[in-house]
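Novice: Could you have a look at this structure, given as structure tokens, before my questions?
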Amino acid sequence: MLVSFSILGAFLILYSIAGYMAFGPCVQSNLLKSFPDGVFSKIAQLSMVFACFAVYPSMMIAMIAPIRNCSLEQFAQVPAMAIRRQKQVVASVTAGFVLASVLMALTVDQLGIVNVIDGALSLFVFVALAPGLVGLFLLDRSSTAWKASMATLIALGTILAFLGFIFLDNEPALLGDGGCFLPKSSGSISIHCPVKAEVSMLVALS
């Protein structure tokens, strides 16, 4: 787990660095909109469509797993009727998630605020709250130092998540105002954001 998350963190850091070096301070929250028109951009957009198709089943399975694993007695006393009702509930919840995703996609046209809020929520739930509660109540460790560390994890995660809801802008313009050590010339980064197609392809396929 530690190795896999370390590799994932390194990948995301390198990806963000490559994006800022390729597009500069005016990079859009939806990176695909920063790509120049061309074949490479179309390939990147099509690849994102396939990525969404690939991720959807795993995300949906995880969200409806609690319903599938519920005792049949929660749905009905007769086994046959319970199985039928369970399938109906699973289908209804699945359709609800899909409908909510469609409405959100039709309503929100900027990914920036969505990414920030999603990141803050993910930090609170997956990094702070869930691991902290597991460490406090499910693991067989009861030392004072361990409990203090888990409580600290929850507290720090909650504070950082709260700050994430307050500071909603990543302020990429600071890259062009002396806030970044990357060169500002016509080389790797530019205030006018020229980007070569091969660079955008590299960032997209990474």
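According to this note's numbering, the sequence shown is numbered sequentially starting from 1.
C-beta atoms are modelled at their ideal positions from N, C-alpha and C, and glycine is treated no differently.
The structure presented is a predicted model; accordingly, all values stated were derived computationally and were not measured.
Quick check on residue 45: does DSSP put it in helix, strand or coil?
Specialist: The residue labelled residue 45 in the question sits at position 45 within the sequence shown. Three-state result, residue 45: helix.
Novice: Note down the Cα distance separating residue 98 from residue 89, rounded to an integer number of angstroms.
Specialist: One-based indexing of the sequence shown puts residue 98 at position 98. One-based indexing of the sequence shown puts residue 89 at position 89. Their Cα atoms are separated by approximately 14 Å.
Novice: Please name the residue, chosen from 135, 144, 154, that lies closest to residue 129 on a Cα-to-Cα basis.
Specialist: In the sequence shown, residue 129 corresponds to position 129, counting from 1. Considering only alpha carbons, the answer is 154.
Novice: Check residue 76 in the structure and name its three-state DSSP category.
Specialist: Position 76 of the sequence shown, counting from 1, holds the residue named residue 76. In this structure, residue 76 counts as coil in the three-state DSSP scheme.
Novice: Answer with buried or exposed for residue 108, where buried requires no fewer than 16 other C-beta atoms within 10 angstroms of its C-beta.
Specialist: What you label residue 108 is simply residue 108 of the sequence shown in a count that begins at 1. Answer is exposed; the Cβ neighbour count stays below 16.
Novice: Quick one: complete alpha helix (DSSP H) runs, 4+ long, within the region 128 to 177?
Specialist: Here the runs fully enclosed are 130 to 133, 144 to 166.
Novice: Among 121, 116, 131, which residue has its Cα nearest to the Cα of residue 168?
Specialist: Position 168 of the sequence shown, counting from 1, holds the residue named residue 168. It is 116.
Novice: Could you please give the first and the last residue of the uninterrupted alpha helix (DSSP H) stretch that includes residue 32?
Specialist: On the sequence shown, position 32 is the one that residue 32 refers to. No alpha helix (DSSP H) contains residue 32, which DSSP labels as neither H nor E.
Novice: Confirm, please, whether the CB-CB distance from residue 29 to residue 112 is below 9 Å.
Specialist: Translated into the one-based positions of the sequence shown, residue 112 becomes position 112. Translated into the one-based positions of the sequence shown, residue 29 becomes position 29. Yes, the Cβ-Cβ distance between residue 112 and residue 29 is below 9 Å.
Novice: Would a C-beta distance cut-off of 9 Å place residue 157 and residue 136 closer than the cut-off?
Specialist: Within the sequence shown, numbered from 1, the residue matching residue 157 stands at position 157. Within the sequence shown, numbered from 1, the residue matching residue 136 stands at position 136. Cβ distance not < 9 Å, so residue 157 and residue 136 don't count as in contact.
Novice: Going by beta carbon distance, what residues of the same chain come within less than 7 Å of residue 60, once the five residues before and after it are set aside?
Specialist: By one-based count along the sequence shown, residue 60 stands at place 60. Only 94, 97 meet the Cβ criterion.
Novice: Can you have a look at residue 150 and say buried or exposed, based on whether 16 or more other CB atoms are within 10 angstroms of its CB?
Specialist: Here residue 150 corresponds to residue number 150 of the sequence shown, with the count starting at 1. Looking at its Cβ environment, which holds 16 or more other Cβ atoms inside 10 Å, residue 150 is buried.
Novice: Just to confirm the assignment, what range does the alpha helix (DSSP H) spanning residue 3 have?
Specialist: As a first step, residue 3 is located in the sequence shown; it is residue number 3 there, counting from the start. That run of the alpha helix (DSSP H) goes 2 to 23.
Novice: How long is the line joining the alpha carbons of residue 71 and residue 20, rounded to whole angstroms?
Specialist: Counting from 1 along the sequence shown, the entry for residue 71 is found at position 71. Counting from 1 along the sequence shown, the entry for residue 20 is found at position 20. Between residue 71 and residue 20, the C-alpha separation is close to 50 Å.
Novice: Short check: CB of residue 68 to CB of residue 76, under 9 Å?
Specialist: As a working mapping, residue 68 is identified with position 68 in the sequence shown. As a working mapping, residue 76 is identified with position 76 in the sequence shown. No, they are not a contact pair.
Novice: If residue 34 and residue 23 are in contact, beta carbons under 8 Å, what's the gap, nearest whole angstrom?
Specialist: Position 34 of the sequence shown holds residue 34. Position 23 of the sequence shown holds residue 23. Going by Cβ atoms, the distance from residue 34 to residue 23 rounds to 5 Å, so yes, they are a contact pair.
Novice: Taking just the CA atoms, how far does residue 144 sit from residue 119?
Specialist: Indexing the sequence shown from 1 puts residue 119 at position 119. Indexing the sequence shown from 1 puts residue 144 at position 144. Roughly 31 Å separates the two Cα atoms.
Novice: Do you know whose CA, among 56, 148, 164, lies nearest residue 101's CA?
Specialist: Mapped onto the sequence shown, residue 101 falls at position 101. The shortest Cα separation from residue 101 among 56, 148, 164 belongs to 56.
Novice: Short check: CB of residue 73 to CB of residue 82, under 9 Å?
Specialist: The count along the sequence shown starts at 1 and reaches residue 73 at position 73. The count along the sequence shown starts at 1 and reaches residue 82 at position 82. Cβ distance < 9 Å, so residue 73 and residue 82 count as in contact.
Novice: Near residue 78, which residues of its chain fall below 7 Å by C-beta distance, leaving aside the five closest residues on each side in sequence?
Specialist: As a working mapping, residue 78 is identified with position 78 in the sequence shown. So the list is empty, once near-sequence residues are dropped.
Novice: Using a Cβ-Cβ cutoff of less than 7 Å, which residues in the same chain neighbour residue 163 once the five nearest sequence positions on both sides are dropped?
Specialist: Here residue 163 refers to the residue found at position 163 when the sequence shown is read from its first residue. For residue 163, where only same-chain residues beyond five positions count, there are no Cβ hits under 7 Å.
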